[in-house]
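J.: The structure is given below, and queries will be raised subsequently.
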Amino acid sequence: MSLTEKAFLDLLAKDIDENPHTLVPVTVEMVERRMALVEGVDVDLDGPLEGED
31 MSLTEKAFLD
41 LLAKDIDENP
51 HTLVPVTVEM
61 VERRMALVEG
71 VDVDLDGPLE
81 GED
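Residue numbers for the sequence shown follow the working numbering, beginning at 31 and rising by one.
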């Protein structure tokens, strides 16, 4: 794990410890809604980004 990743995870852990009331569980409905937003969208993760050669 990189130092950046560790720092980010430490930040998340601190925030969760200090603000547990802000946590929201992920529901099936939330997942389905997000999946519907990207339905039919094809992404080539190995291809160049738009505007790059």
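For each residue, glycine too, the CB sits at the ideal point set by N, CA and C.
Treat the numbers as computed from the prediction; the structure is a model and nothing was measured.
Roughly how many angstroms separate the alpha carbons of residue 40 and residue 77, rounded to a whole number?
T.: The residue you call residue 40 lines up with position 10 of the sequence shown. The residue you call residue 77 lines up with position 47 of the sequence shown. Each residue's alpha carbon lies about 33 Å from the other.
J.: Which of helix, strand or coil does DSSP assign to residue 73?
T.: In the sequence shown, the residue the question calls residue 73 occupies position 43. Three-state DSSP puts residue 73 in coil, outside helix and strand.
J.: Output the boundary residues of the alpha helix (DSSP H) element that contains residue 65.
T.: Your numbering for residue 65 matches position 35 in the sequence shown. First-last of the alpha helix (DSSP H) with residue 65: 58-67.
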